[in-house]
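Colleague: Residue numbers (the numbering used here): 8 to 694.
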Ligand SMILES: Nc1nc2c(ncn2[C@@H]2O[C@H](COP(=O)(O)OP(=O)(O)O)[C@@H](O)[C@H]2O)c(=O)[nH]1
Ligand SMILES: [Mg+2]
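(1) Please output, in chain order, the residues near ligand 2 using a CB cut-off of less than 5 Å to any non-hydrogen atom of the ligand.
(2) Does DSSP put residue 485 in a helix, a strand or coil?
(3) Is the Cβ-Cβ distance between residue 765 and residue 154 less than 7 Å?
(4) Measuring straight from C-alpha to C-alpha, what distance separates residue 4 and residue 553?
(5) Quick check: is any heavy atom of ligand 1 less than 6 Å from the C-beta of residue 276?
(6) What separation, rounded to the nearest whole angstrom, lies between the Cα atoms of residue 568 and residue 590?
(7) For residue 450, which residues of its own chain have a beta-carbon under 6 Å away from its beta-carbon, when the five flanking residues on both sides are left out?
(8) Suppose the cutoff is 8 Å on Cβ atoms and the five residues either side in sequence are ignored; what does the same chain contact list for residue 337 look like?
(9) Taking C-beta to C-beta, are residue 265 and residue 189 nearer than 7 Å?
(10) Spatial neighbours of residue 339 within its chain, please: C-beta separation below 6 Å, excluding the five flanking residues on both sides.
(11) Under 8 Å by Cβ, that's how I've got residue 309 and residue 332 pegged, so tell me the actual separation to the nearest angstrom.
(12) Cβ of residue 311 within 7 Å of Cβ of residue 382?
(13) Does DSSP classify residue 609 as helix, strand or coil?
(14) Kindly confirm or deny that the region 588 to 607 and the region 666 to 685 touch, where touching means at least three C-beta pairs closer than 8 Å.
(15) Ligand 1 heavy atoms versus the CB of residue 142: any closer than 6 Å?
(16) Do residue 259 and residue 143 have their C-beta atoms within less than 7 Å of each other?
(17) I'd like the ranges of any alpha helix (DSSP H) spanning at least 4 consecutive residues and lying wholly in the region 421 to 468.
(18) Expressed to the nearest angstrom, what Euclidean distance is found between the alpha-carbon atoms of residue 481 and residue 516?
(19) Is residue 139 helix, strand or coil by DSSP?
(20) Please go through the region 500 to 525 and give each complete beta strand (DSSP E) segment of 3 or more residues, from N-terminal end onward.
(21) Is the distance from the Cβ of residue 31 to the Cβ of residue 49 below 7 Å?
(22) If you draw a straight line from the alpha carbon of residue 130 to that of residue 14, how long is it in whole angstroms?
(23) If you drop the 5 nearest sequence neighbours on each side, which residues of the same chain put their C-beta closer than 6 Å to that of residue 564?
(24) Any chance the CB of residue 262 is under 6 Å from a heavy atom of ligand 1?
(25) Give a single yes or no on whether residue 50 has its beta carbon closer than 6 Å to a heavy atom of ligand 4.
(26) What is the DSSP secondary structure of residue 35, counted as helix, strand or coil?
(27) Report back the beta-carbon spacing between residue 673 and residue 518 to the nearest angstrom; my notes put them in contact at under 8 Å.
(28) Quick check on this structure: which residue in 283, 80, 171 has the alpha carbon closest to the alpha carbon of residue 105?
(29) Which runs of the alpha helix (DSSP H), 4 residues or longer, sit entirely within the region 142 to 201?
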């Protein structure tokens, strides 16, 4: 196999709103470069990229796919990513190991929420990019409208490099504004520029040339001096402008009709950077010290693990990107993150689900290896003599939680293992046990994300699970002091049972927990029985009398009682203590308490009113608003019960433009009218 050097590789991530045509474009690219012999279709579930059963079923990408192809002397690793926001962990991983992006936009829908999102990601990561206006063959496709939109959203740096010939059903080809050539059909046969397009072509060409010369003073001088610039000079200017991020070339095409793909491939090679042209950031423990290095083939190995997948047959599959040096099959490397040696077996390159064994992977390339023991996502593999830690992918934090319960006893036994393998594969999933509600909680980026996770558990690990909105860990307490007495007295056959306890209960401030005090005088209850009384109280606090929730923030004082020299025992005083406490609770005007959380919502300014209106229906207390540069940060305290599905509500209010964070704050009394509802629901559940 040919080995590709740093400057002949391109790692390109495909980004865009779900449905814009990324996967179709990837497939058309593989077909055009003859990596596949038959053009797969998303709608037929037979693309190279969306091979996972979850993806075929939903007709959308869920996982990132690596799709290498070869064009001229260039190896292009396309990384297809999902457009659905709940799978943005995969987007982040894909972006992290690529030097450039292609943002795919639908020619009919134009800029969508997902487009804005990935644009923001690219800006943040400073990633050079091209825009492809796809689906030019579709009804309602309008290139010029989309260009206007791109410019109004993202600025004048979006500059068309091509124009479509015809649109919708009559879309037939592309004018290349740089070469001033025109191409027709999927074979891109060269043709005359249609005379009726001449005015547009001239005016857009001028804008393109201006963008190209602006980055280079000598070019600019030449241009202003009225000299004709060569194709090479213009290309050089465009490349520099694109790589520096000063310009984002806009291309056009149709993935489905396979029109424009080879021009796009040419543009990738000509205008997007190679791995050697992007510095690698080191993970530094020191704050504010950002160290970087230039990728090099001659330096010792440095490779970053950016993804791990759990395969029920192959086991663990580790995806990595090589930055420095090379890595060999059947070798040993140093995991600098874990501080240990790792044995490397057979290396692969991947194309969708196809694994191709290779003996070596060199700087700039992406590959995979199975069954590593020590290594997880985020680790750097290197040589022991030259340890280095590359900055890992920063994944989005989970924002939506559900309780996961096994469907059968057999499922219960395998649940823990399946959950931990799943969260190893997907860093945007988190699992924990809620001690208060005794539920296993799985958290992720949204409802669909968790549904897919549940399906994966069944398909990959044979574990059947259901998902439910988590229970709210309500508590109970009293609001006024109360005294209660209980005498446990039984005469059965031989010797009897006797324990007699008087308790005083007092409410404590929120967050205090429970306390127990002994104020017995004169041995009314002998000292050795007092711990039994306390045990009884501790048992009774587990379940209050209102709705069987744990009791908190109460001080129980045993202040009197009596005993029997023969019939009294530990167990009798325990029973008396517990019963006295229960009686006391019912006399202390008991109430339900609910957890209150701090909610922080970040939304574009325009949504502020809608957010507040919604919060008002959720018993929220708005604490503050911080408008900043077009966005607004709204802080509120809200009962947890009202925001268990806030991720979903926020998405529907803002069409996905908002973000939020929830943090536990404290417990408060549940309003009376809601208490009754909770009690009734709880009773219905118990029976
Ligand atoms: N008419 C038309 N449909 C397209 C084109 N590209 C993709 N599609 C369709 O758009 C839908 C979504 O495509 P897909 O590639 O899955 O989009 P992704 O979510 O960005 O990967 C599918 O039904 C495709 O057949 C195109 O160029 N023209
Ligand atoms: Mg897709």
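Glycine residues also receive a C-beta, built at the ideal position from the N, C-alpha and C atoms.
Modeller: Once the coordinates are examined:
(1) Shown in chain order are the residues whose CB sits closer than 5 Å to a heavy atom of ligand 2: 29, 30, 68.
(2) coil
(3) Residue 765 lies beyond the range of the chain shown here (8 to 694); nothing can be said about it.
(4) Any property of residue 4 remains undetermined from this structure, which presents the chain solely from 8 to 694.
(5) no
(6) Their backbone Cα atoms lie some 15 Å apart in a straight line.
(7) 405, 408, 437
(8) 351, 352, 353
(9) no
(10) Answer for residue 339: 348, 350, listed in chain order.
(11) Contact annotation, residue 309 with residue 332: C-beta distance approximately 7 Å; criterion of less than 8 Å satisfied.
(12) A distance of 7 Å or more separates the beta carbons of residue 311 and residue 382.
(13) strand
(14) yes
(15) yes
(16) yes
(17) 454 to 468
(18) Using only the alpha carbons, I get a separation of about 17 Å.
(19) strand
(20) Scanning the region 500 to 525 for uninterrupted beta strand (DSSP E) segments of 3 residues or longer gives 504 to 514, 522 to 525, listed from N- to C-terminal end.
(21) yes
(22) 24 Å
(23) 511, 524, 526
(24) Answer for residue 262: yes, Cβ within range of ligand 1.
(25) Ligands present in the displayed structure are limited to ligand 1 and ligand 2, and ligand 4 is not among them.
(26) helix
(27) 6 Å
(28) 283
(29) Correct list: 150 to 161.
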